[in-house]
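Structure record follows, encoded as structure tokens.
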Amino acid sequence: MRLRTVVSDTHGSRAEVRVDGDWFASPARDVGELLASPNWIAALGERPSDAVRSAPVVSGPGKIVCCGHNYRAHIAEMNRPTPEFPTLFAKFADTLTAWDADIALPGAAESLGLDWEAELAVVVGVPLRHADRSTARAAIAGYTVANDFSMRAWQRRTSQWLQGKAFEASTPLGPELVTPDEADPADGLRIICRVNGVEEQSGSTDDLVFDPATLLAYISEFTTLRPGDVVLTGTPGGVGAAATPPRHLRPGDVVETEIEGIGLLRNRITTTERQSR
1 MRLRTVVSDT HGSRAEVRVD GDWFASPARD VGELLASPNW IAALGERPSD AVRSAPVVSG
61 PGKIVCCGHN YRAHIAEMNR PTPEFPTLFA KFADTLTAWD ADIALPGAAE SLGLDWEAEL
121 AVVVGVPLRH ADRSTARAAI AGYTVANDFS MRAWQRRTSQ WLQGKAFEAS TPLGPELVTP
181 DEADPADGLR IICRVNGVEE QSGSTDDLVF DPATLLAYIS EFTTLRPGDV VLTGTPGGVG
241 AAATPPRHLR PGDVVETEIE GIGLLRNRIT TTERQSR
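Once you know that position 270 of the sequence shown is 270 in UniProt numbering, the rest is easy, because the numbers rise by one and skip nothing.
Structure follows, in structure tokens:
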């Protein structure tokens with residue numbers, strides 16, 4: 001099963017579910033709200049007929065928790081030791097944007113050290129607290145695609161990564177949520193990032209140090225995960241920061257992020273003028 005969030009001029013934001021090839025509307029404003037609704041399948045309406053615009057799969061998660069240094073190939077290229085515990089940081093809900101949105105950054109993108117990071121994202125389906133791995137796996141509503149575009153110049157200002165990871169509308173999420181019966185990261189799904197058609201990252205989800213169920217169980221030990229919360233699982237090898245010399249994205253670049261069996265993001269890098277205060 002596949003789920004998505006869209007925006008229409010007549011109905012506003014809404015979650016939709018694909019059944020037998022057709023998309024059916026729900027009363028929920030996004031996939032997160034839909035997952036939190038009991039018997040949500042019974043609430044599906046008629047197939048929508050109006051034109052829709054894309055939106056992040058989940059538009060207002062209560063929590064976005066991200067794991068860094070989680071692919072063995074990426075750990076190796078960054079000359080880091082394999083971590084004993086997940087390396088976690090958070091994002092805010094307003095970092096999320098649509099699968100096909102421009103990544104519009106203030107000022108000169110070159111000065112930010114903008115880098116690509118293809119990622120598998122997990123969306124939580126039921127409340128989770130102090131869970132074991134089996135319970136956490138059962139709580140996964142599904143998987144989607146993300147790119148954790150990182151502002152390396154900001155990230156490296158301190159030992160804390162938040163400021164380089166939390167620029168508004170910098171994390172595309174989508175285009176659809178794919179339920180676990182259709183895609184399983186344990187099968188080794190190929191994860192790819194292309195910049196202007198050139199493949200920069202190519203990895204497999206079986207290279208994860210901490211798989212999705214392990215991450216959710218670990219996170220649930222210190223905070224409650226709820227329907228619609230998002231967990232980003234890390235990026236494979238091939239980031240620009242690991243190149244010699246390091247490489248960064250520029251205005252006009254087009255970044256495609258794809259995970260086998262799940263979906264494809266396509267985002268153009270643009271810049272905007274800073275607003276005066």
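Here a beta-carbon is modelled for each residue, glycine too, at the ideal position from N, C-alpha and C. All figures in this text were calculated on a predicted structure; none of them were measured in a lab.
Separation of residue j from residue i, as counted between CA atoms
i: residue 277; j: residue 172; result: Annotation note: pLDDT 36 at residue 277 (below 50); position unreliable, no value reported.
i: residue 19; j: residue 41; result: 10 Å
i: residue 257; j: residue 131; result: 31 Å
i: residue 97; j: residue 24; result: 22 Å
i: residue 36; j: residue 146; result: 22 Å
i: residue 275; j: residue 169; result: Confidence at residue 275 is low in this model, with a pLDDT of 45, below 50, so the placement of that residue is unreliable and no value is reported for it.
i: residue 30; j: residue 111; result: 35 Å
i: residue 113; j: residue 194; result: 18 Å
i: residue 119; j: residue 201; result: 11 Å
i: residue 153; j: residue 197; result: 25 Å
i: residue 11; j: residue 51; result: 10 Å
i: residue 268; j: residue 250; result: 10 Å
i: residue 182; j: residue 264; result: 16 Å
i: residue 82; j: residue 220; result: 22 Å
i: residue 92; j: residue 22; result: 32 Å
Beta-carbon proximity of residue i to residue j, cut-off 7 Å
i: residue 90; j: residue 124; result: no
i: residue 246; j: residue 252; result: no
i: residue 57; j: residue 179; result: no
i: residue 203; j: residue 73; result: yes
i: residue 15; j: residue 8; result: no
i: residue 53; j: residue 176; result: no
i: residue 238; j: residue 189; result: no
i: residue 44; j: residue 67; result: no
i: residue 141; j: residue 217; result: no
i: residue 70; j: residue 222; result: no
i: residue 94; j: residue 117; result: no
i: residue 232; j: residue 121; result: yes
i: residue 213; j: residue 133; result: yes
i: residue 226; j: residue 127; result: yes
i: residue 61; j: residue 228; result: yes
i: residue 6; j: residue 55; result: yes
Residues sharing a beta bridge with residue i, DSSP
i: residue 266; result: 256
i: residue 300; result: Nothing can be reported for residue 300, as the shown portion of the chain is limited to 1 through 277.
i: residue 13; result: 7
i: residue 158; result: Per DSSP, none; premise fails for residue 158.
i: residue 93; result: According to DSSP, which records beta bridges pairwise, residue 93 is partnered with nothing at all.
i: residue 246; result: Residue 246 is not bridged to any residue.
i: residue 106; result: 272
i: residue 142; result: 123
Host beta strand (DSSP E) of residue i (start-end)
i: residue 124; result: 118-124
i: residue 148; result: Counting along the chain, residue 148 falls outside any beta strand (DSSP E), and DSSP gives it neither H nor E.
i: residue 23; result: 22-25
Terminal residues of the alpha helix (DSSP H) in which residue i lies
i: residue 138; result: 133-138
i: residue 35; result: 31-35
Cβ-heavy atom distance, residue i to the ligand GTP, below 6 Å
i: residue 21; result: The ligand GTP is not part of this structure, which contains no ligands at all.
Mind listing, in chain order, the continuous beta strand (DSSP E) runs of no fewer than 3 residues lying wholly within the stretch 165-243?
The stretch 165-243 contains these whole beta strand (DSSP E) runs: 171-178, 190-195, 198-204 and 230-232.
Which full runs of the alpha helix (DSSP H) of 4+ residues lie inside the stretch 48-82, going along the chain?
Whole alpha helix (DSSP H) segments, 4+ residues: 72-77.
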